[in-house]
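Counted the way UniProt numbering counts, the sequence shown spans residues 1 to 216. Positions of the beta carbon are idealized from the N, C-alpha and C atoms, including for glycine. It should be emphasised that the depicted structure is a prediction, and the values quoted were computed from it without experimental measurement. What follows is a single structure, written as structure tokens, with notes after it.
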Amino acid sequence: MVQNKIIDNEEIISTYAEVALGIHPEVKRSGGILLTVEDLLTIKFYVEFGFGLPDRLHEVEKYLGYRTIGIAGLEPRDIQELFRKIKINVSKWDGIEAGLLTQNRDIETFSPNIITVGNDIIKCIDNMPVIQRMKKIEENGVIPPGMLFDFNSMDNEVATELVSWLEDLKSEVETRRRETLNLKNKITDFNQEISDVLEPSIRRKRDLIRNNSLNA
Numbered sequence: 001m002v003q004n005k006i007i008d009n010e011e012i013i014s015t016y017a018e019v020a021l022g023i024h025p026e027v028k029r030s031g032g033i034l035l036t037v038e039d040l041l042t043i044k045f046y047v048e049f050g051f052g053l054p055d056r057l058h059e060v061e062k063y064l065g066y067r068t069i070g071i072a073g074l075e076p077r078d079i080q081e082l083f084r085k086i087k088i089n090v091s092k093w094d095g096i097e098a099g100l101l102t103q104n105r106d107i108e109t110f111s112p113n114i115i116t117v118g119n120d121i122i123k124c125i126d127n128m129p130v131i132q133r134m135k136k137i138e139e140n141g142v143i144p145p146g147m148l149f150d151f152n153s154m155d156n157e158v159a160t161e162l163v164s165w166l167e168d169l170k171s172e173v174e175t176r177r178r179e180t181l182n183l184k185n186k187i188t189d190f191n192q193e194i195s196d197v198l199e200p201s202i203r204r205k206r207d208l209i210r211n212n213s214l215n216a
């Protein structure tokens, strides 16, 4: 019973870790994608599993089926500590999930907007007097002296407005970049806590079970 409990926990966490790191055989991750659909399904299962673990000592004892076993690392308090670490880890997912939903909504809004702004910028440039003069020069094949790149007052006004648009666009892109990087870092920390702390702890307990021939 003890062995089955520990091994079941290890398999659940190990499977999630493999998926999160992109090394699970059933998961194909495209470049630039923070999380795939497969990732999210696995995380949902892992989070549900983590929240369902007992937290109080008497609940852990009931879950394990013993109050003491005489092996350091497998005592109910040791398992309780592990379960609490798992619960702390899964509790971080709500904030990450909210960030993913917000990012998705922002992208749905931002993507069409950036296309619209880009088209407006192109249209403004095309309608600048200097561009119109250049088009006439191209049509006629004759370049009047001093005319090609001679900006008039209207050209300067449009150019100033374009600079303002581009600065706003640059600022918006930078904001999205920072938000995405922040979210990516949170996901990385979430995954590393599993791979660097939880998985090794469960493996050590599994080894204790096997080394002490605890099969029930």
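Just verifying my parser: in three-state terms, what is the DSSP assignment at residue i?
i, result
"residue 111", "helix"
"residue 200", "helix"
"residue 151", "coil"
"residue 127", "coil"
"residue 65", "coil"
"residue 98", "helix"
"residue 195", "helix"
"residue 36", "coil"
"residue 50", "helix"
"residue 72", "coil"
"residue 185", "helix"
"residue 213", "coil"
"residue 55", "coil"
Considering only C-alpha positions, which residue in the set the options is nearest to residue i?
i, options, result
"residue 209", "111, 191, 79 and 131", "79"
"residue 206", "74, 44 and 121", "74"
"residue 99", "203, 84 and 181", "181"
"residue 35", "113, 202, 167 and 184", "184"
"residue 83", "49, 161 and 140", "49"
"residue 85", "53, 110, 111 and 139", "53"
"residue 133", "115, 152 and 103", "152"
"residue 110", "125, 177 and 140", "177"
"residue 124", "162, 104 and 138", "162"
"residue 175", "93, 107 and 212", "107"
"residue 91", "200, 44, 179 and 70", "44"
"residue 93", "202, 199 and 39", "39"
"residue 56", "37, 157, 201 and 77", "77"
"residue 46", "102, 126 and 190", "190"
"residue 160", "112, 121, 115 and 204", "121"
"residue 101", "64, 179 and 158", "179"
So, are the CB atoms of residue i and residue j less than 7 angstroms apart?
i, j, result
"residue 155", "residue 173", "no"
"residue 67", "residue 59", "no"
"residue 117", "residue 166", "no"
"residue 89", "residue 193", "yes"
"residue 212", "residue 71", "yes"
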